[in-house]
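Asks: Submitted below is the structure of interest, expressed as structure tokens.
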Amino acid sequence: MSVPNTTPAGETYDQNVNTLATLQDQLVDMAEGFIRALPNIAIAVVILVITWIVARLAVRGVSRAIGNTEMRPSLQNLIDTVVKLGIWIVGLMIALIVVMPGMTPASLIAGLGIGAVAIGFAFQDIFENFLAGVLIMLREKMRIGDVIECEAIKGKVEHITLRETHVRKLSGELTIVPNSMIFKNPVEILTDENLRRHEVVAGVSYDTDLDHAAEVIRKAVEDVEGIEMDKGVDIFATTFNSSSVDFLVRWHAGSTPRDGWASKDKVVRAIKRGLDEAGIEIPFPYVTHTFKERVPLGREPGESAAG
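UniProt numbering puts the first residue of the sequence shown at 1, with every later residue one more than the last.
Written as structure tokens, this is what we have:
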């Protein structure tokens with residue numbers, strides 16, 4: 001047996017009216033609170049504008065002060081970023097305190113500390129790259145303009161920020177590399193020194209006097225323009241190849257990739273020219289055919305082997 005609903009319709013109506021009235025009062029209170037806070041919000045906006053102006057002027061002044069020094073460009077960028085970041089943090093804290101007068105600097109710092117833990121977990125990769133960027137800028141190696149190779153990325157460092165490094169590949173493409181990748185992996189700096197060792201392999205035939213061939217190659221390389229003679233030229237007979245005895249030729253020239261290619265081009269041309277003038281053969285692979293049965297020569301068409 002069902003129990004009839006004894007709640008009067010008027011009571012339900014009154015409850016709905018009370019709920020709407022409560023919501024209306026809350027909205028009115030929020031609107032009044034926003035209106036009361038408008039002066040503080042306006043002051044906070046002015047503070048942010050002043051912060052932006054001060055940050056720009058401070059960075060410009062710092063850049064001018066350290067611009068005439070021998071400080072590395074990457075370290076200059078780090079100082080500019082730290083100055084700008086510090087000014088903005090102070091400006092934002094002042095603006096928040098103005099908007100919310102009940103908030104004290106101590107409570108704001110405490111709140112930032114709790115929030116920093118949560119943000120740190122959420123943006124772990126970003127902060128990892130940020131810290132790696134700071135450490136990369138602080139260390140002396142890998143300057144802007146260096147040619148580096150890291151994890152199959154080879155090119156010229158164009159810009160270093162707190163989060164990423166811009167590397168221009170030798171073929172012209174720009175690669176954006178996260179700083180954590182550069183910091184955690186081995187980086188080969190090809191232009192750390194002005195000179196770099198280059199090498200090429202030259203082969204001569206087996207019937208060649210190797211001492212004479214080595215002297216011919218040495219003289220040819222030493223006459224090449226751009227070779228650093230203070231480092232000397234190394235020539236080593238290294239391999240009995242299938243059709244040649246191979247010499248490893250090493251010398252020092254400019255460290256940039258273009259210097260290396262240009263130097264190798266001149267050296268290869270000089271070695272080829274010197275060996276040709278000396279009558280020394282640069283052999284190509286020979287193929288020897290061995291036949292188990294006698295192969296008659298000059299057989300006429302249709303003539304049998306026995307004939």
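Virtual Cβ for every residue (Gly too), placed ideally from N, Cα, C. Quantities reported herein were computed from a predicted structural model and do not represent experimental measurements.
Looking at the C-beta of Glu140, does it have a partner C-beta in chain C at a distance below 9 Å?
Replies: As a matter of chain content, chain C is missing from the structure shown, which is built from one protein chain.
Asks: Please report the residue range of the beta strand (DSSP E) in which Thr256 lies.
Replies: Counting along the chain, Thr256 falls outside any beta strand (DSSP E), and DSSP gives it neither H nor E.
Asks: Can you name the residues that DSSP bridges to Leu190?
Replies: Paired residue(s): none; Leu190 is not in a bridge.
Asks: Kindly indicate which residue of Asn77, Glu173 and Trp251 has the alpha-carbon position closest to the one of Leu162.
Replies: Residue Asn77 is the option with its Cα nearest to Leu162.
Asks: Glu293 to Ser244, Cα distance in whole Å?
Replies: Pairing Glu293 with Ser244, the inter-Cα distance amounts to about 30 Å.
Asks: In three-state DSSP terms, what is Thr239?
Replies: strand
Asks: Does the distance from the C-beta atom of Asn129 to that of Pro178 stay below 9 Å?
Replies: yes
Asks: Tell me which same chain residues have a C-beta within less than 7 Å of the C-beta of Asp234, skipping the five on either side of it?
Replies: Excluding sequence neighbours, Asp234 sits near Arg250.
Asks: Using CA atoms only, rank isn't needed, just tell me which of Glu188, Asp246 and Gly260 is closest to Ser205.
Replies: Asp246
Asks: Does Ala31 come out as helix, strand or coil in the three-state DSSP assignment?
Replies: helix
Asks: What do you get for Ser171, buried or exposed, if any count of 16 or more other CB atoms within 10 angstroms of its CB means buried?
Replies: exposed
Asks: Rounded to a whole number of angstroms, what is the C-alpha to C-alpha distance between Gly232 and Asp125?
Replies: 48 Å
Asks: Could you give the residue range of the alpha helix (DSSP H) that holds Arg72?
Replies: Taken as a continuous stretch (DSSP letters only), Arg72 belongs to no alpha helix (DSSP H), as it is neither H nor E.
Asks: With a threshold of 8 Å on Cβ separation, who are the neighbours of His198 within its own chain once the five nearest residues in sequence on each side are excluded?
Replies: Arg250, Trp251, His252, Ala253, Gly260, Ser263, Lys264 and Val267
Asks: Pairs of beta-carbons, one from the segment 18-33 and one from the segment 61-68, closer than 8 Å: are there three or more?
Replies: no
Asks: May I ask you to report which of helix, strand or coil DSSP gives Arg139?
Replies: coil
Asks: Let me check one thing: in DSSP terms, what residues is Phe246 bridge-paired to?
Replies: Checking the sequence, you will find Asp at residue 246 rather than Phe. Its beta-bridge partners are Gly203 and Thr239.
Asks: Once you ignore the five residues that flank residue 320 on each side, which residues in its own chain have a CB closer than 8 Å to its CB?
Replies: There is no way to answer for residue 320, as the model of the chain reaches only from 1 to 307.
Asks: Output the distance between the C-alpha atoms of Trp52 and Val224, rounded to the nearest integer angstrom.
Replies: Trp52 and Val224: Cα-Cα distance of roughly 58 Å.
Asks: Jot down the residue ranges of each uninterrupted alpha helix (DSSP H) in the segment 146-192, minimum 4 residues, whole runs only, in chain order.
Replies: 179-184
Asks: Gly307: buried (16+ other C-beta within 10 angstroms of its C-beta) or exposed?
Replies: Here Gly307 scores only 47 on pLDDT, less than 50, and its place in the model should not be relied on; the value that follows carries that caveat. Classification of Gly307: exposed, given that the 10 Å Cβ count is below 16.
Asks: Using the beta-carbon count (16 or more within 10 Å), is residue 348 buried or exposed?
Replies: Any property of residue 348 remains undetermined from this structure, which presents the chain solely from 1 to 307.
Asks: Roughly how far, in whole angstroms, is the beta-carbon of Val216 from the beta-carbon of Leu275, given that I think they are within contact range, below 8 Å?
Replies: 6 Å
Asks: Using only the alpha-carbon positions, how far apart do Leu248 and Ala58 sit?
Replies: 57 Å
Asks: Taking 9 Å as the cut-off, decide whether the C-beta atoms of Glu149 and Glu188 are in contact.
Replies: yes
Asks: Can you tell me whether Ile160 is buried or exposed, with buried defined as 16 or more other CB within 10 angstroms of its CB?
Replies: buried
Asks: Around the C-beta of Arg258, are 16 or more other C-beta atoms found within 10 angstroms, so that it is buried, or is it exposed?
Replies: exposed
Asks: Out of Leu20, Leu75 and Phe236, state which residue places its alpha-carbon closest to the alpha-carbon of Ala202.
Replies: If we check each option's Cα against that of Ala202, Phe236 comes out closest.
Asks: Between the alpha carbons of Ile182 and Thr191, how many angstroms are there, rounded?
Replies: 16 Å
Asks: Specify the secondary structure class of His289 as computed by DSSP and reduced to three states.
Replies: coil
Asks: In angstroms with no decimal places, state the Cα-to-Cα distance between Val45 and Lys169.
Replies: 44 Å
Asks: Could you check what DSSP says for Met1 in three-state terms: helix, strand or coil?
Replies: Confidence in Met1 is poor, its pLDDT being 47 and thus under 50, which makes the residue's placement too unreliable to answer from.
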